[in-house]
Structures are given as C-alpha cells and as structure tokens.
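Trainee: Heads up: the sequence shown at position 125 corresponds to 1313 in the working numbering, and the numbers run straight through without jumps. Just so you know, even glycine gets a beta-carbon here, dropped at the ideal spot from N, CA and C.
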Amino acid sequence: MKFKAPCLVCGADSSGINFSVRSCKPCGSFYRRCIAERKKYVCRNGNACPIDQKQRQQCRACRLKKCIEVGMSREVGNNPTICAVPPLPETPTSNLPFNQKYPLLFDLLEAWTNFQTSQKSLLKVVHPWSSEQIEE
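1) In whole angstroms, what is the alpha-carbon distance linking residue 1285 and residue 1301?
2) Can you pull the DSSP bridge partners for residue 1221?
3) Indicate whether the contact test is met: 3 or more Cβ pairs, each with one atom in the stretch 1251-1260 and one in the stretch 1206-1219, closer than 8 Å.
4) Can you name, in chain order, every residue of its own chain whose Cβ lies under 7 Å from the Cβ of residue 1231, other than the five neighbours on each side?
5) Do you know offhand how far residue 1242's Cα is from residue 1223's?
6) Within 10 angstroms of its Cβ, does residue 1310 collect 16 or more other Cβ (buried), or is it exposed?
7) Pick helix, strand or coil for residue 1287, following the three-state DSSP scheme.
8) Would you check if the distance between the CB atom of residue 1195 and the CB atom of residue 1208 is smaller than 7 Å?
9) To which residues of the same chain is residue 1298 closer than 6 Å at the C-beta, ignoring the five residues directly before and after it?
10) In the DSSP assignment, find the unbroken beta strand (DSSP E) run with residue 1256 in it and report its ends.
Structure, rendered in structure tokens:
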C-alpha cells in the first residue's frame, strides 16, 4: 500500500506540486481559475470555515485564503504540467475600430448579414404571399 501525502489545502491525497505547494488537482485547478479570472469571494461566516476534502466547496473565500496561507503562488513551481498564469494587462489593448481589431470576426459578421439578406430576398420570390411577414 502506497501512502500519498495529503493536500496542504484540503487534506485529500495530493497529486503533486501545484503552484509551489503539494496539493490535489481540484485545489490546484481552483487556485488557477481564481488567479486567471481574478476572482474575489466573500465569506459569510467570518473567514473561519473549515476547509477539508468534504467541505472544500462550501466556501470559496476561505478555500482561496487557505491556498494563499499554505503558500500557493502564481508561478509554476515544480510541476511543468501546470502553466504559470500570466498577469492580465492593466491597460486596454487599443482603441482601434472593431473591423481593424477583429478583422476575421468582422468579415464573418458581414457575410452572415449578407446571407440573411439573400435568404429573405429568395423567400420573397419563392413565397410572395408571405412577403409582408418577412422582417426587413
């Protein structure tokens, strides 16, 4: 029987080192999402909720607090399978017009609009009696 070291966050069997701390995959994934999405949580019980394998999903604020307390960091640590989370840019990307910022999306939107217009025109020819029901 092989003994697995416990996750320092919730006490479950750890899967290795995640964000510089021995932790299970669920706690590593939770921390990664919190950092990547800049999550902010509020505890309803005065930041004193128990975090263990069965109750780790009850309070996200206390779980995140415990991740930080046990030393999880933004860096990869010793696990190459978990990517470091780059910080989000603080400034807006640019003030370019939509068609220059997202040319492919703009082309798709324009093609879709043309397609809808063509379909409405075709429908008016095929079913002239229903032309007043077709949106312009």
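Mentor: Concretely, from the data shown:
1) 19 Å
2) Note: residue 1221 sits in no beta bridge, so no partner.
3) yes
4) 1237, 1247, 1249, 1250
5) 23 Å
6) exposed
7) helix
8) no
9) none
10) Premise fails: residue 1256 lies in the alpha helix (DSSP H), 1248-1257, not in any beta strand (DSSP E).
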